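Input: a single structure, listed below in structure tokens.
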Amino acid sequence: MLAAGTDGHVSVEDMRTRRATIATINDEGLQRYLRRKKIVDLLVQNEMNLDDPVRDRLLKEIATGTEGFVGSDLDGLCREAAMLAMREGAPLVNSSHFDRAREKVHATMNERVRQYYAKVQQHFKGGLPKEVQPPEYQ
């Protein structure tokens, strides 16, 4: 999870506090839902300023430099950037931490994987009548 302050920096201590408040449950699907709901509730509760130009610039920089990243890759990137900041003793995660984290965390999605998923999509395409197939399968 990426939480940015109003100055565009990400507080490692704040992340630890928020992470500790998220309960764990045995049901994986329910656990993911409740974790995301808790994150949204915390952001709303803290009235996070969503119109922060510094934060937006950092997020845009991360987004443009993570072509082919899937959700777990982005999660790993954020975790690695936070670990780099903690190892340095830095109170905030900044763009240099993300730059160095990008050297360690690589994209899962590549052309070979895209082709594989296209073949799987073609294989299962005929399973439903055309009128009930989602547009992306037609």
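Residues in the sequence shown are numbered consecutively from 1, following full-length UniProt numbering.
The beta carbon of each residue, even a glycine, is placed where N, CA and C say it ideally should be.
Since the structure is predicted, the reported quantities are computational estimates derived from the model, not experimental observations.
- At a cut-off of 4 residues, the continuous stretches assigned as alpha helix (DSSP H) that sit fully inside the stretch 52-83 are 53-64.
- The beta-carbon separation of A81 and A101, rounded to 4 Å, stays under the 8 Å limit for a contact.
- Taken through DSSP and simplified to helix, strand or coil, V105 comes out as coil.
- DSSP places Q115 in the uninterrupted alpha helix (DSSP H) bounded by 111-124.
- Exposed is the label assigned to H123, since fewer than 16 other Cβ atoms lie within 10 Å of its Cβ.
- Under the Cβ criterion (8 Å, minimum of three pairs), the stretch 52-69 does not count as touching the stretch 83-90.
- In this model, R114 and T64 are separated by some 19 Å (Cα to Cα).
- V40 and D73 do not touch by the CB rule: their CB atoms are close to 22 Å apart, not below 8 Å.
- H97 places its beta carbon less than 7 Å from that of L84.
- Here N110 is actually not in contact with G71; their C-beta atoms are around 16 Å apart, not less than 8 Å.
- By the Cβ-count criterion, L58 is buried, with 16 or more other Cβ atoms from all chains shown falling within 10 Å of its own Cβ.
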